[in-house]
């Protein structure tokens, strides 16, 4: 398996909308496995294809706790079918915005449709951290970052710090 480089904001590649996948083949499955290994290596719970410079509609995640057995999930071409009116506030972070967090309000429960690793259509109802994580990663597929859900002041502060850190790392 290959560890993929994770794009760090601000970067225009994180603002690109993805394209649907037309078929599931061995190359796609290998890429999804690489995404999952990259996510685990970065100590994350979710990763979307744009975060590793890929324009396909792909997500991997695993919200199991470290003391639990891993429970990886693969979502190809995910779409939200339903979301609850009830909202949930959760402190979110992102592998593309390292060491930055903000409270984001999202629907507490969702139902999604997607293809699994075999190319079969599935539906899943999720709530809690799983629903939050799915919505966070699905935002990436539309070029939306979690900081796009917070005040412009907080967003600009976080992005400015990341830009400064990038410049320092290049020097």
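Numbering (this note's numbering), first residue to last: 3 to 173. Heads up, the beta-carbon is just placed ideally off N, CA and C, and yes, glycines get one too. None of these values were measured; they are calculated from a predicted model.
- Taking each of 10, 19, 14 in turn and checking the Cα distance to residue 141, the smallest one comes out for 19.
- DSSP places residue 127 in the strand class (E or B) of the three-state scheme.
- The bridge partners DSSP lists for residue 62 are 49, 76.
- By the neighbour-count definition (other C-beta atoms within 10 Å, threshold 16), residue 11 is a buried residue.
- Beyond the five residues adjoining it in sequence on each side, residue 30 comes within less than 7 Å, by CB distance, of 23 in the same chain, given in chain order.
- Per DSSP, the continuous alpha helix (DSSP H) segment holding residue 156 begins and ends at 154-172.
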